[in-house]
Structure formats: C-alpha cells, structure tokens
Amino acid sequence: MLEQYLDINPEVAAAIAAGKPVVALESTIISHGMPYPQNVETALKVEQIIRDNGAIPATIAILKGRLKVGMTHEEIEYLGKAGLDVIKTSRRDIPFIVAKQVDGATTVASTMILAQMAGIKVFATGGIGGVHRGAQQTFDISADLQELANTDVAVICAGAKSILDIGLTLEYLETQGVPVIGHQTDTLPAFYTRESEFGVDYRLDTAEQIATAMKAKWEMGLKGGVVVANPIPEEYQLDRAMIDEVIINAVAEMDSKGISGKESTPFLLAKVAEKTEGTSLKANIELVFNNAKLAAGIAVEYAK
7 MLEQYLDINP EVAAAIAAGK PVVALESTII SHGMPYPQNV ETALKVEQII
57 RDNGAIPATI AILKGRLKVG MTHEEIEYLG KAGLDVIKTS RRDIPFIVAK
107 QVDGATTVAS TMILAQMAGI KVFATGGIGG VHRGAQQTFD ISADLQELAN
157 TDVAVICAGA KSILDIGLTL EYLETQGVPV IGHQTDTLPA FYTRESEFGV
207 DYRLDTAEQI ATAMKAKWEM GLKGGVVVAN PIPEEYQLDR AMIDEVIINA
257 VAEMDSKGIS GKESTPFLLA KVAEKTEGTS LKANIELVFN NAKLAAGIAV
307 EYAK
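Heads up, our numbering is the position in the sequence shown plus 6, with the first residue counted as 1.
Okay, here's the thing in structure tokens:
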C-alpha cells in the first residue's frame with residue numbers, strides 16, 4: 007500500500023534490506039533553517055559526516071507529492087533553492103501535501119513518520135520542538151512531542167530549542183513515557199548551550215550503551231521514541247545569559263506582533279541569528295554536524 011506514495015532511494019533501500027546502519031535527516035532545516043547556499047552546503051556535509059562514520063544518510067522530504075526517503079544531491083539543491091516556498095510539513099499536513107502533489111519540508115515529527123515507514127530507527131536533527139513559553143495560555147505545543155510518544159525512532163538532538171519552555175517540555179515527555187538520554191551529560195543541553203538547570207532521565211556515555219537501551223525498549227514492545235540529547239561542542243556554545251536575554255526580547259516582540267503557531271519558531275530563530283550577529287547560525291551548523299556523527303555511531307551499534 008505504501009509503495010504508491012513512498013520512494014526509498016535505492017542505496018538506502020539496499021542498506022535497510024541488508025540490515026546496515028542508516029541515519030534519517032529532516033529537510034525543514036534545509037528549507038526553513040538557514041539561507042541558500044549555506045543550507046545545501048550544510049545538508050551535504052551532514053550526509054558526508056554520516057558516511058565517514060560508517061552509516062548511510064537518508065535525507066527525507068516530500069517532492070511533488072512523493073514521500074522521499076533518501077534524496078539525491080540534485081533534489082537537496084532544488085529544496086535549498088526553493089527555501090521558504092516549500093511548505094513546512096508536520097503529521098497533519100502530509101496527506102494534503104501528497105494529494106496536492108506539492109513540495110513539503112519535513113519537521114522532526116513528519117521525518118520520524120517517514121523514517122518509520124521505511125524502517126529507519128535513528129534520526130539526527132538540530133533540536134526538537136516542545137512546549138512553547140506561555141503555553142499555559144496558548145496551548146502551543148509542538149507535534150514533535152506527540153510523535154515521540156508514538157513512533158519508534160531515536161532522535162539525536164542538541165536538546166530542545168532554547169526558545170522553548172524546557173522544563174515543561176521535559177514534563178510533557180515524562181507524561182508520555184519518552185526517555186530523555188543525556189550523551190555524556192547529566193543535564194539537558196539547551197541547544198546553543200551545553201547545559202540547562204534541568205536533568206536528563208539517564209546519562210549514557212557511549213553509542214553502544216544507547217543502542218542497547220533502544221533495542222531493549224522496542225524488543226519489549228514499549229512503543230515510542232527516544233530523545234538522545236547531545237551537547238553542542240564546547241568551542242561553539244554561546245553565552246547562556248546573552249541567549250536568554252535575546253530570547254526573552256524576541257518572545258515579547260513576537261507576542262506584540264501576534265505571531266503564533268508554525269510561524270513562531272522560524273521568527274524566533276531568525277531574531278536570535280540577527281541579535282547574535284550570525285554566531286547562532288554557526289553554532290546551529292556545528293551542533294548538527296556533532297549530532298550526525300553521534301547518530302551514525304548509534305546506527306552502527308544498533309545494526310550490530
């Protein structure tokens with residue numbers, strides 16, 4: 007049934023069939039995360055890092071209504087040039103993007119769904135979505151969290167995006183039974199910074215330990231994903247007090263302009279990039295590279 011919608015790149019399909027390590031990658035970071043040509047350069051370098059560390063990359067998107075698991079360099083270039091014209095696609099949007107035969111860039115939630123359709127268990131991204139600041143009034147909670155509760159994919163990230171309410175995000179994940187693993191850290195990294203005041207559920211220091219926990223979880227039929235929080239490399243982290251101040255001001259500006267829903271994250275990230283004079287973009291790129299490397303290591307161990 008899925009074949010009528012899903013195109014798995016031949017190299018990726020062969021790797022999955024042979025039980026080889028594969029790492030899924032999202033495409034919102036290409037279309038909405040950074041400007042062209044940096045977005046394409048970053049996407050291709052992330053794929054190369056995964057290859058260099060023993061796994062096969064599978065960048066995921068929807069192109070002209072086809073679900074693509076594993077994109078060619080030409081397709082990545084096309085997506086990067088199209089940029090914000092591509093529709094940011096979460097779970098609810100997938101059937102409509104497919105039916106209208108248009109292009110969609112997959113978020114964490116929709117990338118997890120397509121990865122699971124293809125049989126991929128490991129996914130590298132920048133940061134997960136979560137509970138937004140002020141969600142007590144707005145109910146603005148990312149669909150990523152609900153997906154983590156239901157879809158059996160491990161998401162390697164630099165924690166929750168620092169524009170979010172990290173404490174409430176962790177509470178939500180706990181309620182949904184989603185384990186948050188700290189890779190070589192006891193506290194949840196806050197995207198641009200290596201730590202926050204919030205602890206992780208479990209600290210595991212090696213890719214092998216993480217892969218073993220994933221295997222045990224899913225073999226016992228415990229449904230849902232795993233968050234693997236991997237701190238940004240020390241030399242690229244930003245000053246926490248400065249980032250906090252920038253975010254508080256950006257949230258206030260967003261509220262005054264009435265920006266909400268799926269527009270809020272791109273707005274806040276753009277504001278942070280502007281106020282930090284581009285250092286946040288550099289940090290964003292480096293943390294994605296770091297997550298790709300760890301994800302490849304976990305995929306290699308999981309495949310064993």
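Every residue gets a Cβ at the ideal spot worked out from N, C-alpha and C, and that includes glycine.
Everything numeric in this text was worked out from a predicted model, so none of it was measured.
Looking only at Thr191, Gly284, Thr48, Met40, the smallest Cα-Cα distance to Thr271 is reached by Met40. Within the DSSP secondary-structure output, His189 pairs in a beta bridge with Leu210.
For Asp261, the CB contacts under 8 Å within the same chain, skipping 5 residues up- and downstream, are Gly140 in chain order.
With fewer than 16 other Cβ atoms from the protein chains shown falling within 10 Å of its own Cβ, Asn255 counts as exposed. Contact between Leu170 and Gly205 does not hold, since their C-beta atoms are separated by about 17 Å, which reaches or exceeds 8 Å. Between the beta-carbon of Leu69 and that of Glu81 there is about 6 Å, and that keeps the pair under the 8 Å contact cut.
In the three-state scheme derived from DSSP, where H, G and I count as helix and E and B as strand, Lys74 is classed as strand. Val114 carries a helical assignment under DSSP once its states are collapsed to helix, strand and coil. For Ile68, the enclosing beta strand (DSSP E) begins and ends at 62–69. Counting along the chain, the unbroken beta strand (DSSP E) around Val128 starts and ends at 128–130. According to the DSSP assignment, Asp109 belongs to no beta strand (DSSP E), since it is labelled neither H nor E. Nearest neighbour of Ala164 by Cα position, chosen from Leu154, Arg200, Gln182, turns out to be Arg200.
In the displayed model, Gly89 falls within a helix according to three-state DSSP. Cβ neighbours of Gly264 within its own chain (closer than 7 Å, five residues either side excluded): none.
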